[in-house]
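A quick write-up on the structure given underneath.
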Amino acid sequence: MKKRKERIDRGIKVRSSDIFALLSWREMLYLATPRILPVIVCLSLPLLLDPYWQKVLLSVAVVALLAISWDILAQTGMVSLGQALFFGVGAYCSGVMNHYWGLSPVLTIPIASLLGGLICTLMLLPVLRLRGIYFSMVTLIIPLILVRIVEATKIFGGTEGLSGMTPLPSKWFELYLIMAVLLVVLFGFRRMLDSDYGLVLKGINDNDRSVINAGINIYWFKAQSLFFAGAIGAFCGAFMTHVYMFVGMPVFALDYSILPIAAAVVGGPGTLAGATFGAFILVPMSEALRGFGGLRIVLYGVFLVVFIVALPEGIFHYIQRKYHQFERWVEVDK
Amino acid sequence: MMDAPILKVSDLSKNFGGVRALNRVSFDLQPGELLGVIGPNGSGKTTLVNLITRFVKPSAGDVFFKGKKISHLPPYKIVRLGIARTFQMVKPFYQLPAYKNMIIPLYSPRMRQLAGGRYGDRDAVALDLLEEVGFERDAFVAYKTAGALPQGYLKRLELAKAIALQPDLYILDELFSGLSLAEVASIVPIIEKIRMAGRTIIMIEHRLKELFRIADRVIVMNYGEKIADGPAAEVMEDEAVKSAYLGTETEDE
Numbered sequence: 001m002k003k004r005k006e007r008i009d010r011g012i013k014v015r016s017s018d019i020f021a022l023l024s025w026r027e028m029l030y031l032a033t034p035r036i037l038p039v040i041v042c043l044s045l046p047l048l049l050d051p052y053w054q055k056v057l058l059s060v061a062v063v064a065l066l067a068i069s070w071d072i073l074a075q076t077g078m079v080s081l082g083q084a085l086f087f088g089v090g091a092y093c094s095g096v097m098n099h100y101w102g103l104s105p106v107l108t109i110p111i112a113s114l115l116g117g118l119i120c121t122l123m124l125l126p127v128l129r130l131r132g133i134y135f136s137m138v139t140l141i142i143p144l145i146l147v148r149i150v151e152a153t154k155i156f157g158g159t160e161g162l163s164g165m166t167p168l169p170s171k172w173f174e175l176y177l178i179m180a181v182l183l184v185v186l187f188g189f190r191r192m193l194d195s196d197y198g199l200v201l202k203g204i205n206d207n208d209r210s211v212i213n214a215g216i217n218i219y220w221f222k223a224q225s226l227f228f229a230g231a232i233g234a235f236c237g238a239f240m241t242h243v244y245m246f247v248g249m250p251v252f253a254l255d256y257s258i259l260p261i262a263a264a265v266v267g268g269p270g271t272l273a274g275a276t277f278g279a280f281i282l283v284p285m286s287e288a289l290r291g292f293g294g295l296r297i298v299l300y301g302v303f304l305v306v307f308i309v310a311l312p313e314g315i316f317h318y319i320q321r322k323y324h325q326f327e328r329w330v331e332v333d334k
Numbered sequence: 335m336m337d338a339p340i341l342k343v344s345d346l347s348k349n350f351g352g353v354r355a356l357n358r359v360s361f362d363l364q365p366g367e368l369l370g371v372i373g374p375n376g377s378g379k380t381t382l383v384n385l386i387t388r389f390v391k392p393s394a395g396d397v398f399f400k401g402k403k404i405s406h407l408p409p410y411k412i413v414r415l416g417i418a419r420t421f422q423m424v425k426p427f428y429q430l431p432a433y434k435n436m437i438i439p440l441y442s443p444r445m446r447q448l449a450g451g452r453y454g455d456r457d458a459v460a461l462d463l464l465e466e467v468g469f470e471r472d473a474f475v476a477y478k479t480a481g482a483l484p485q486g487y488l489k490r491l492e493l494a495k496a497i498a499l500q501p502d503l504y505i506l507d508e509l510f511s512g513l514s515l516a517e518v519a520s521i522v523p524i525i526e527k528i529r530m531a532g533r534t535i536i537m538i539e540h541r542l543k544e545l546f547r548i549a550d551r552v553i554v555m556n557y558g559e560k561i562a563d564g565p566a567a568e569v570m571e572d573e574a575v576k577s578a579y580l581g582t583e584t585e586d587e
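The listed protein sequences derive, respectively, from chains Z and E. Using our numbering, read the first sequence as starting at 1 and increasing by one per residue. Using our numbering, read the second sequence as starting at 335 and increasing by one per residue.
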């Protein structure tokens, strides 16, 4: 009996456009693995790690969420250099609600996410018409302006910040809350971007003229995308406010803008999963390099450059391509 | 007796810096008419389209559609009123299958406005529309990525995107350019069909022979001005038109 190699996804692709016609357990596993694996990893990691790495996991998830937020904007044609804006606004929203009005984190975190998303959208509304680097510049500058406003006017505790926030009930609550949100955001927004609605958003990035020509108001759609990204970023800020039990000027730090972009670029932009993947590589790597002291940033930078030169498409796209090329032996008829 | 014009362009002008791209162009368009707009390169044909659809803001002049002034509206609102255009440079979403390119026009709020609107499964509607413009249903062309399609299919896709919006006025900007005679011949019946449905069409063209077969009326542009307006045969006899296309004759000849 002669045999030849065939790609596993071939049969699946041929038989389906939207409906999957599966013939074997292997095909089912092939489709299910990329969906189930991240869920298993995200839910089991908190149990497997020691307390120090559990803390690291929190920042991994935060950077992953910020990277997803960046990726959503980028896919709608807005390259943001200011994820810190979303993070900071969310952090101050929940901080103020908790510190001055005594609202519990159960309320402040969701309210701050939505309110933060709304505030960020309104702040950037006047510059939605700007394209490319001009939009990026504005997003870079606004958080810097907000820091100076807090410093100069001494509102919300000024340079001291606000401390003594209500902590979240337990570290397990913290870990599983952020992991659950990460999974919901990752799968939810991936689904959204694959829908017809998402196609319109991506169309704005690709060729906005053609979207306008369909009678669609691109600024309304850009504003919606901005709200999604803003709300995700604001959630991160609000969450970390209650984890650190503190909110202050550092929430507008450049780190929150740069790290997510690095994660998205290393992981592979345009898929959300790539951005998440990038965060899971970069943040632990940065922690692992702590032993090198002053050389840490140098090594970190070299790693970044090597990744980008060797895999310009991003790690996720590379893995995805290899996964699609998985082969199996099939018997040739006759 | 003449009906009220569906489109009225009055004294439309556009300056780009010191350059006068369009100078006080006026014309009326009757419902159901097929108007050809011709002229040498750089004569302001595409500028005229961009001003009517307001992708470019006019320096002066007004445009009225069905008696309503539209020259102050943003382009997406003009589309919703029922003007759809195609672009000279087709720029589809290259990585997407051809039929997925149809999703964006099908997502248009205009679909919601139209009574009943062809809604529901956009993929199915997209495939129907593509079949109308000659994407053979059994040949899987509609499933190919747009980047892999030949120019003829890209132009048809562009036309299908306009048809999807079910506009009252089509503005087709050099739909025939870059196509072979056979490809043009296969698109002409689609345009005839649009006319039979009572829609109004403006065609910007360089392919005069093909255009004159279907156009009711032709406007000739040169240096941003309208130099002639009338049935094709009359217009081509006009001295100004001849000199614009062939250059001025000298006495020695």
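Ideal placement from N, C-alpha and C gives every residue a C-beta, glycine not left out. Just so it is clear, the structure is predicted and the values come from calculations on it, not from any experiment.
Closest residue to residue i among the options (Cα-Cα distance)
{"i": "E:GLN422", "options": "E:TYR557, E:LEU488, E:GLU466", "result": "E:LEU488"}
{"i": "Z:ILE68", "options": "Z:TRP101, Z:PHE87, Z:ARG7, Z:ILE109", "result": "Z:PHE87"}
{"i": "Z:MET240", "options": "Z:LEU201, Z:VAL62, Z:LEU66", "result": "Z:VAL62"}
{"i": "Z:SER170", "options": "Z:ILE308, Z:TYR244, Z:MET285", "result": "Z:TYR244"}
{"i": "E:LYS543", "options": "E:LEU464, E:LEU515, E:PRO409", "result": "E:LEU515"}
{"i": "E:GLY352", "options": "E:SER393, E:ALA562, E:GLU367", "result": "E:SER393"}
{"i": "Z:LEU299", "options": "Z:LEU107, Z:ALA310, Z:TYR256, Z:SER286", "result": "Z:SER286"}
{"i": "E:LEU369", "options": "E:ASP472, E:ARG533, E:LYS425, E:GLN500", "result": "E:ARG533"}
{"i": "Z:ILE142", "options": "Z:LEU125, Z:GLY274, Z:TYR30, Z:LYS55", "result": "Z:LEU125"}
{"i": "Z:GLY188", "options": "Z:ALA229, Z:ILE281, Z:PHE280", "result": "Z:ALA229"}
{"i": "Z:GLN320", "options": "Z:TRP25, Z:ILE8, Z:LYS2, Z:PRO34", "result": "Z:PRO34"}
{"i": "Z:ARG26", "options": "Z:PRO312, Z:VAL332, Z:GLU327", "result": "Z:GLU327"}
{"i": "E:ARG551", "options": "E:PHE398, E:SER360, E:LEU461, E:ALA567", "result": "E:ALA567"}
{"i": "Z:GLY116", "options": "Z:GLY95, Z:GLU6, Z:ILE36", "result": "Z:GLY95"}
{"i": "Z:LEU201", "options": "Z:VAL266, Z:GLY270, Z:SER257, Z:LEU177", "result": "Z:GLY270"}
{"i": "E:VAL467", "options": "E:TYR441, E:ALA432, E:SER577", "result": "E:ALA432"}
{"i": "E:PRO365", "options": "E:ILE521, E:GLU492, E:TYR504", "result": "E:TYR504"}
{"i": "E:SER377", "options": "E:LEU545, E:GLU539, E:GLU571", "result": "E:GLU539"}
{"i": "E:THR380", "options": "E:TYR428, E:LYS400, E:LYS348, E:LYS411", "result": "E:LYS348"}
Where the beta strand (DSSP E) containing residue i begins and where it ends
{"i": "Z:GLY77", "result": "Per DSSP, Z:GLY77 belongs to no beta strand (DSSP E) and is neither H nor E."}
{"i": "E:SER344", "result": "341–350"}
{"i": "Z:ASN217", "result": "Premise fails: Z:ASN217 is in no beta strand (DSSP E) and is neither H nor E."}
{"i": "E:LEU356", "result": "353–363"}
{"i": "Z:LYS5", "result": "3–7"}
{"i": "Z:GLU331", "result": "327–331"}
CB contact flag (residue i, residue j, <7 Å)
{"i": "E:LEU385", "j": "E:LEU346", "result": "yes"}
{"i": "E:LEU513", "j": "E:GLY486", "result": "yes"}
{"i": "Z:PRO105", "j": "Z:THR166", "result": "yes"}
{"i": "E:ILE438", "j": "Z:GLY203", "result": "yes"}
{"i": "Z:LEU186", "j": "Z:THR121", "result": "no"}
{"i": "E:GLN463", "j": "E:ALA494", "result": "One point to set straight first is that residue 463 of chain E is Leu, not Gln, in the sequence displayed. Yes; because the gap between Cβ atoms is below 7 Å, this pair is in contact."}
{"i": "Z:LEU162", "j": "Z:VAL247", "result": "yes"}
{"i": "Z:MET192", "j": "Z:CYS42", "result": "no"}
{"i": "Z:GLY90", "j": "Z:ALA112", "result": "yes"}
{"i": "Z:ARG190", "j": "Z:LEU254", "result": "no"}
{"i": "E:GLY395", "j": "E:ASP502", "result": "no"}
{"i": "E:VAL554", "j": "E:ILE561", "result": "yes"}
{"i": "Z:LEU128", "j": "Z:TYR219", "result": "yes"}
{"i": "E:GLU573", "j": "E:ASN357", "result": "no"}
{"i": "E:LEU499", "j": "E:ARG446", "result": "no"}
{"i": "E:PRO383", "j": "E:ASP507", "result": "Residue 383 of chain E is actually Val in this sequence, not Pro. Yes, the pair counts as a contact, with Cβ atoms nearer than the cut-off."}
{"i": "Z:TYR264", "j": "Z:LEU182", "result": "In the sequence as presented, Tyr is not what sits at residue 264 of chain Z; that position holds Ala. Their beta carbons are not under 7 Å apart, which means Z:ALA264 does not touch Z:LEU182 by this criterion."}
{"i": "Z:HIS242", "j": "Z:LEU168", "result": "yes"}
{"i": "E:LYS478", "j": "Z:ASN207", "result": "no"}
{"i": "E:ALA578", "j": "E:ASN556", "result": "yes"}
{"i": "Z:ALA84", "j": "Z:SER257", "result": "yes"}
Element boundaries [alpha helix (DSSP H), containing residue i]
{"i": "Z:PHE86", "result": "83–101"}
{"i": "Z:ARG190", "result": "171–194"}
{"i": "Z:ARG321", "result": "315–324"}
{"i": "Z:ARG26", "result": "25–48"}
{"i": "Z:PRO110", "result": "105–124"}
{"i": "Z:ILE149", "result": "132–153"}
{"i": "E:GLU466", "result": "456–466"}
{"i": "Z:ARG296", "result": "296–310"}
Nearest-angstrom Cβ-Cβ length linking residue i and residue j, presumed shorter than 8 Å
{"i": "Z:TYR92", "j": "Z:VAL211", "result": "Contact doesn't hold; Cβ gap of about 35 Å is too wide."}
{"i": "E:ILE535", "j": "E:ARG529", "result": "6 Å"}
{"i": "Z:LEU175", "j": "Z:PRO51", "result": "With a Cβ gap of about 11 Å, Z:LEU175 and Z:PRO51 do not count as contacting."}
Which full runs of the beta strand (DSSP E) of 3+ residues lie inside the stretch 483–570 of chain E, going along the chain?
-> 503–507, 534–538, 551–556, 559–564
Where are the beta strand (DSSP E) runs, 3 residues long or more, that stay fully inside the stretch 373–444 of chain E, in chain order?
-> 394–399, 417–420
At what residue ranges does the stretch 253–284 of chain Z contain a whole run of the alpha helix (DSSP H), taking only runs of 4 or more?
-> Within the stretch 253–284 of chain Z, the complete alpha helix (DSSP H) runs of at least 4 residues are 255–267.
Proximal residues, the stretch 466–492 of chain E versus chain C, C-beta separation under 7 Å = Among the chains of the structure shown, chain C does not appear; the protein chains present are Z and E.
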